[in-house]
Amino acid sequence: MLNAFTAEEYFLLSLVIILLVLTNAFFVASEFALVSVRHSRIDELINNGNKRAKRVKRVIEKQDDVISATQLGITLASLALGWTGELTLESFFSGLDLDNIFGDGTTFGLSAVIAFMLITYMHVVLGELAPKSLALQHAEETALWVAWPMEKFTQLTRPLIILFNGTAWLILRIFGVRPLSGHRLAHSEEELKLLISQSEKAGLLESKESDILQKTFDLPDTMIREIMTPRVELVIISVEDPFKDIVKLVRDSGHSRIPVYEDNKDNIIGLLYAKDLLKYYAIHLENSSGLSSNNNPSIRDILRKPDFVPETMFAHKLLTQFQSSKRQVAVVTNEFGGVEGIVSLEDILEQLVGDIQDEYDSESPEITKMDENSSEVSAQTSLEDFNQYFKTKFESEQSVTIGGYLVENIGELPEEGETHHLENITFKIAKKNGFRIETLIVDKTESLLPEEEEKQVKNGKKVDK
């Protein structure tokens, strides 16, 4: 049994315990700070001439070694703290002569239990939780302070670190796990989206900024056919049209680039730029007394060669193509070589920042609320926008608009005035232009009558007339 220590010895042991707790806290704070500090921020500090940031840069570039060093320091401090705490309390209880009162072993058992509880509390609260919170909230400042001592400690214990890392990697290989160098966190797309959402909730990102970042992840999954201007909506001219008619059309349309065809609309031979036409028009006015049937210049010489892209191309790839080709418009074709529409750089950017309106764009909304349950909806509204507004989950691999989705599910072209049901949504064909649906009246109800549900599942389709 230990003899009781003197008051001076108890004081020194108490200082040792406090020092060990602080040592443990230092290594914990170092680990979390050096792992969580933003590398871009450190680079910025280096560019501003911060010498301590250069040391942080050296340390975080060897995170495997640094993390192993912090773990070694935490382990040594924890073991020393447990041994010192148990020794101190056992000496204290030995002075109470508890073995003679309660039997042999009482002093050791009681000191072990109390030491375990007390040291664990100090270790967890002061040596783990507090420094971890400090390091996470002030990662940059903490990293700048701990970089130098951690660099020296890592150099001092390098032989042990090499031994520990080598042994750990060997064990991982035995179990078929390939060890990766570095501790930088690699986040999945869903994790990044969650981080963006949490940053918005915490007030670190504005709603618009968060929305743009979220939409960036959707761009690689967006096909050109989902964002293009379809063929039926194109302003298009024939190369054989009278020059004065072409000038009038370009002036009235407000478009800066217009596709030009020859023979048929699937044979696009070029793009007519309004600025080229203006210059061409001015030259002919200077060289002639005006435009007449005998003075009908051809626009063929001022057409620009268009880019042709498949409708299944993804938006992010087209964005890269636009950047390399220094063009902003491409003709979209289907698998048979027919023209499906036109896509522009603006169409891609609108997927990130929302609608970009100019003085020629129509301000009429795609969805107009009529009453509590009914809305007037453009048939060209995208499925994504429709789902977001009406809280539905319509999906299709063929259709990108709500009008196309309705026709796809009906299986035939509906007539004006017809009513159809999809899930708990009622669609009325409000307006057609030839074979094309232009406007829908959408009525959303919480549930349908049993007879309506029976009609919806008829022939495996959720459709009713």
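In terms of our numbering, the sequence shown opens at residue 8 and continues consecutively.
We put the CB at the ideal spot given by N, CA and C, even for glycine.
Per-residue DSSP class, three states only, for residue i
i      : result
Glu16  : helix
Gly467 : In this predicted model, Gly467 has a pLDDT of only 38, less than 50, meaning its place in the structure is not dependable enough to derive any value.
Thr426 : strand
Ile244 : strand
Ser263 : coil
Ala386 : coil
Ile409 : helix
Ile349 : strand
Pro237 : strand
Phe39  : helix
Met230 : strand
Pro304 : coil
Phe401 : coil
Phe123 : helix
Phe343 : coil
Pro317 : strand
Proximal residues to residue i (C-beta, below 7 Å), its chain only, five neighbours per side dropped
i      : result
Ile121 : Leu96
Tyr288 : Val254
Arg443 : Val239
Leu88  : Ile24, Leu27, Val28, Asn31, Ile126, His130
Leu420 : Val414, Phe442
Val363 : It is Ile, not Val, that sits at residue 363 in the sequence shown. These residues qualify, in order along the chain: Glu353, Leu356, Glu357.
Leu329 : According to the sequence displayed, residue 329 carries Phe and not Leu. For Phe329, where only same-chain residues beyond five positions count, the Cβ hits under 7 Å are Gln335, Leu352.
Asn172 : Asp71, Ser75
Beta carbon of residue i nearer than 8 Å to that of residue j
i      : j      : result
Ala84  : Thr127 : no
Ala36  : Thr161 : no
Thr399 : Ile432 : yes
Val242 : Glu269 : no
Ser382 : Thr446 : no
Ile53  : Lys61  : yes
Glu373 : Thr388 : yes
Val267 : Leu285 : no
Ile355 : Leu390 : no
Val73  : Met157 : yes
Arg264 : Val336 : yes
Gly345 : Asp273 : yes
Pro313 : Gly261 : no
Leu151 : Val63  : yes
Lys139 : Leu359 : no
Ile306 : Thr236 : no
Thr77  : Phe34  : yes
Ile181 : Ser75  : no
Leu79  : Thr164 : yes
Ile417 : His428 : no
Ile244 : Ala322 : no
Lys438 : Glu422 : no
Endpoints, the alpha helix (DSSP H) within which residue i is located
i      : result
Thr149 : 146 to 163
Arg311 : Neither: Arg311 is in no alpha helix (DSSP H) and is coded neither H nor E.
Thr446 : Looking at the DSSP string, Thr446 is not in any alpha helix (DSSP H); the run it does join, the beta strand (DSSP E), is 443 to 451.
Glu198 : 196 to 208
Glu419 : Unbroken run through Glu419: none, as it is neither H nor E.
Ile355 : 352 to 360
Val66  : 58 to 67
Ser332 : 322 to 332
Ile219 : 214 to 225
Glu135 : Counting along the chain, Glu135 falls outside any alpha helix (DSSP H), and DSSP gives it neither H nor E.
Arg45  : Taken as a continuous stretch (DSSP letters only), Arg45 belongs to no alpha helix (DSSP H), as it is neither H nor E.
Bounding residues of the beta strand (DSSP E) (the contiguous stretch that carries residue i)
i      : result
Val376 : Correcting the residue type first, residue 376 is Lys in the shown sequence and not Val. Run containing Lys376: 374 to 376, per the beta strand (DSSP E) assignment.
Ala437 : 432 to 440
Lys272 : 271 to 280
Val338 : 336 to 340
Neighbourhood of residue i by C-beta distance below 6 Å, restricted to the same chain and skipping five residues each side
i      : result
Glu318 : Ile231, Arg232, Val339, Asn341, Glu347
Phe393 : Ile409
Gly134 : Val28, Asn31, Ala32
Ser217 : Ile203, Glu207
Leu413 : Phe434
Thr452 : Asn431
Met320 : Ile231
Asp450 : Asn380, Ser381, Thr433
Close beta carbons around residue i, own chain, < 8 Å, minus the five adjacent residues each side
i      : result
Ser21  : Thr95
Ala146 : Phe39, Ala40, Ser43, Val44, Arg45
Residue i CB to nearest heavy atom of the ligand SAM below 7 Å
i      : result
Asn172 : This structure lacks the ligand SAM; in fact it carries no ligand of any kind.
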